[in-house]
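Down below is the structure, laid out as structure tokens.
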Amino acid sequence: MRELGLSGIFVTTAEKNGDIVYISESMTEILGYEPKDVIGKSSRLIFHPDEVEAVTQVHFDSLLQNKVGCVMYTRLLHQRGFYVDCACSFSHVFDLTVGVVTRAINGPNDIRLAATAREVIEVRGGLEGLHARVPTPGPRGSTPRPSSGPTIPRPNPEWARAIDNRIPRTFYLLDRFTETARIMFASNDLIVNASQGKSLYSIIRPSDRPKVRQWIEAAKTWAPVVFDDERSGGHGYLNFSVLKIPDFPPEGIPLPQGTDETERSMPGQEFIPVEGIFIASSDGIACVIGPGHEAEAGALANAAALVAGSSSSAGAGPSQLRGGPSRRPASR
Numbered sequence: 001m002r003e004l005g006l007s008g009i010f011v012t013t014a015e016k017n018g019d020i021v022y023i024s025e026s027m028t029e030i031l032g033y034e035p036k037d038v039i040g041k042s043s044r045l046i047f048h049p050d051e052v053e054a055v056t057q058v059h060f061d062s063l064l065q066n067k068v069g070c071v072m073y074t075r076l077l078h079q080r081g082f083y084v085d086c087a088c089s090f091s092h093v094f095d096l097t098v099g100v101v102t103r104a105i106n107g108p109n110d111i112r113l114a115a116t117a118r119e120v121i122e123v124r125g126g127l128e129g130l131h132a133r134v135p136t137p138g139p140r141g142s143t144p145r146p147s148s149g150p151t152i153p154r155p156n157p158e159w160a161r162a163i164d165n166r167i168p169r170t171f172y173l174l175d176r177f178t179e180t181a182r183i184m185f186a187s188n189d190l191i192v193n194a195s196q197g198k199s200l201y202s203i204i205r206p207s208d209r210p211k212v213r214q215w216i217e218a219a220k221t222w223a224p225v226v227f228d229d230e231r232s233g234g235h236g237y238l239n240f241s242v243l244k245i246p247d248f249p250p251e252g253i254p255l256p257q258g259t260d261e262t263e264r265s266m267p268g269q270e271f272i273p274v275e276g277i278f279i280a281s282s283d284g285i286a287c288v289i290g291p292g293h294e295a296e297a298g299a300l301a302n303a304a305a306l307v308a309g310s311s312s313s314a315g316a317g318p319s320q321l322r323g324g325p326s327r328r329p330a331s332r
């Protein structure tokens, strides 16, 4: 049962159907699907029919409140026709939903993943049994901030307005098999323009690189590549600054060489404060960066206004992902 310890990354659109735009290779072992089987199709098709309405409601609530670092327990359809209890960690990243799926196994696996989440949602009972809770602070020094509360509003058709309430966030898919944290895919350049194939550290403020590296290396140990019944993942939260102008290293040098002083002397350079969320899968590391608590609080205030109907203008739908991350060769 090697698939019990594996975890895979998924990316869907933020729209109501949650169309799948990417799955990593371990998803094939967890649920049996090849990318060609599901890319471009609604993610709702693989949820248990009794839970689809609840999942849609959770999706809308999470999108409206710009939630990150949540864990949802649900049943997913295996390619061979049976349902699998899964833990889905997810974050909303501008016009996408990014997350990690693993089999839900009783014991330390579930506890560690849920304890570092900002909200834990149970949908395996459908709408009748739908409930959410904010966990207590988890292990390994992570500090999940409570969300606005485990509130599940009534279904709301105003998806365009919810999407219009989004705050700028970027998702980076990082190569866990390199020391440079090579960027395999960047979802947008809303905060900083990071080049695919370059080191994530090229966009990190030099004085913050050691602690970012520490969290990335820790995330790798939380979610190993092969089965380990004591380690199945967890969320890491860290405040740091990114560079408006990336610090790309010279040709042939793997890591950036700049310091805070050299970066300050560069015309147009800025240190942009962000919150980073790290969660590893068997195939790579998902890193989400975005504004900190104040921006999220503003988004929540807007969400309340939208729910109350105080905004009459509908926003545009999310932009389409033009090119998802490529499926990398097996490296195990």
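Under the UniProt record's numbering, think of the first position of the sequence shown as 1, with each following residue one higher.
By construction, the Cβ of each residue, glycine as well, lies at the ideal position given by its N, Cα and C atoms.
Remember, it's a predicted structure, so these values are computed and weren't measured experimentally.
Buried/exposed call for Gly81, threshold 16 Cβ in 10 Å: Position 81 of the sequence shown, counted from the start, is the residue given in the question as residue 81. Exposed.
Give the single residue among Ala223, Glu275, Thr97, Ser62 whose Cα lies nearest to the Cα of Lys211. On the sequence shown, position 211 is the one that residue 211 refers to. Measuring from the Cα of Lys211, the nearest candidate turns out to be Glu275.
Short check: CB of Tyr73 to CB of Glu122, under 7 Å? Taking the sequence shown and counting its residues from 1, the one referred to as residue 73 is at position 73. Taking the sequence shown and counting its residues from 1, the one referred to as residue 122 is at position 122. A contact, by the Cβ cut-off of 7 Å.
Would you please state the rounded distance, in angstroms, between the beta carbons of Gly8 and Val100? I believe it to be under 8 Å. In the sequence shown, counting from the first residue as 1, residue 8 sits at position 8. In the sequence shown, counting from the first residue as 1, residue 100 sits at position 100. 7 Å between Cβ atoms; contact.
Taking only three categories from DSSP, how would you classify Ala194? Within the sequence shown, numbered from 1, the residue matching residue 194 stands at position 194. Note: Ala194 maps to coil in three-state DSSP.
Roughly how many angstroms separate the alpha carbons of Pro318 and Leu45, rounded to a whole number? Mapped onto the sequence shown, residue 318 falls at position 318. Mapped onto the sequence shown, residue 45 falls at position 45. Reliability of the predicted coordinates at Pro318 is poor, the pLDDT of 31 falling under 50, and no value is obtained from them.
So the candidates are Gly18, Asn17, Asp19, Asp37; which of them puts its Cα closest to the Cα of Glu25? Numbered from its first residue, the sequence shown carries residue 25 at position 25. If we check each option's Cα against that of Glu25, Asp37 comes out closest.
Buried or exposed for Asn193, please, with buried defined as at least 16 other CB atoms from any protein chain shown within 10 angstroms of its CB. Within the sequence shown, numbered from 1, the residue matching residue 193 stands at position 193. By the 10 Å Cβ count, Asn193 comes out exposed.
Below 8 Å CB to CB, which residues in the same chain sit around Phe47 once its five sequence neighbours on both sides are set aside? For the purposes of this step, residue 47 is taken as residue 47 along the sequence shown, with counting starting at 1. Within the same chain, Phe47 has close Cβ partners Val55, Thr74, Arg75, Leu76, Leu77.
Cβ-Cβ distance between Val58 and Arg169 below 7 Å: To locate residue 58, count along the sequence shown from 1; it is residue 58. To locate residue 169, count along the sequence shown from 1; it is residue 169. It is not a contact, given that the beta carbons lie outside the stated cut-off.
Starting from the Cα of Ala280, find the closest Cα among Leu238, Gly234, Glu179 and give me that residue. Looking up residue 280 in the sequence shown gives position 280. Residue Gly234 is the option with its Cα nearest to Ala280.
For Tyr263, the three-state DSSP class (helix, strand or coil): The residue labelled residue 263 in the question sits at position 263 within the sequence shown. Here the sequence assigns Glu to residue 263, which means Tyr is not the residue at that position. Note: Glu263 maps to helix in three-state DSSP.
Rounded to a whole number of angstroms, what is the C-alpha to C-alpha distance between Lys244 and Cys70? As a first step, residue 244 is located in the sequence shown; it is residue number 244 there, counting from the start. As a first step, residue 70 is located in the sequence shown; it is residue number 70 there, counting from the start. In a straight line, the C-alpha of Lys244 is about 29 Å away from that of Cys70.
Do you know offhand how far Ser202's Cα is from Ile216's? Residue 202 sits at position 202 when you count from the first residue of the sequence shown. Residue 216 sits at position 216 when you count from the first residue of the sequence shown. Near 15 Å, if we compare the C-alpha coordinates of Ile216 and Ser202.
Please work out which residues of its chain come closer than 8 Å, Cβ to Cβ, to Ser312, disregarding the five sequence neighbours upstream and downstream, and give them in chain order. By 1-based counting over the sequence shown, the position of residue 312 is 312. Confidence at Ser312 is low in this model, with a pLDDT of 36, below 50, so the placement of that residue should be treated as unreliable; the coordinate-derived value is given next. Cβ neighbours of Ser312 beyond the five flanking positions: none.
Contact set for Pro250: own chain, Cβ-Cβ below 8 Å, skip 5 residues either direction: Working through the sequence shown from its first residue, we reach residue 250 at position 250. Once the five neighbours on either side are set aside, the close Cβ partners of Pro250 are Gln257.
How far does the alpha helix (DSSP H) with Phe60 in it reach, from first residue to last? Within the sequence shown, numbered from 1, the residue matching residue 60 stands at position 60. Unbroken alpha helix (DSSP H) run through Phe60: 52-64.
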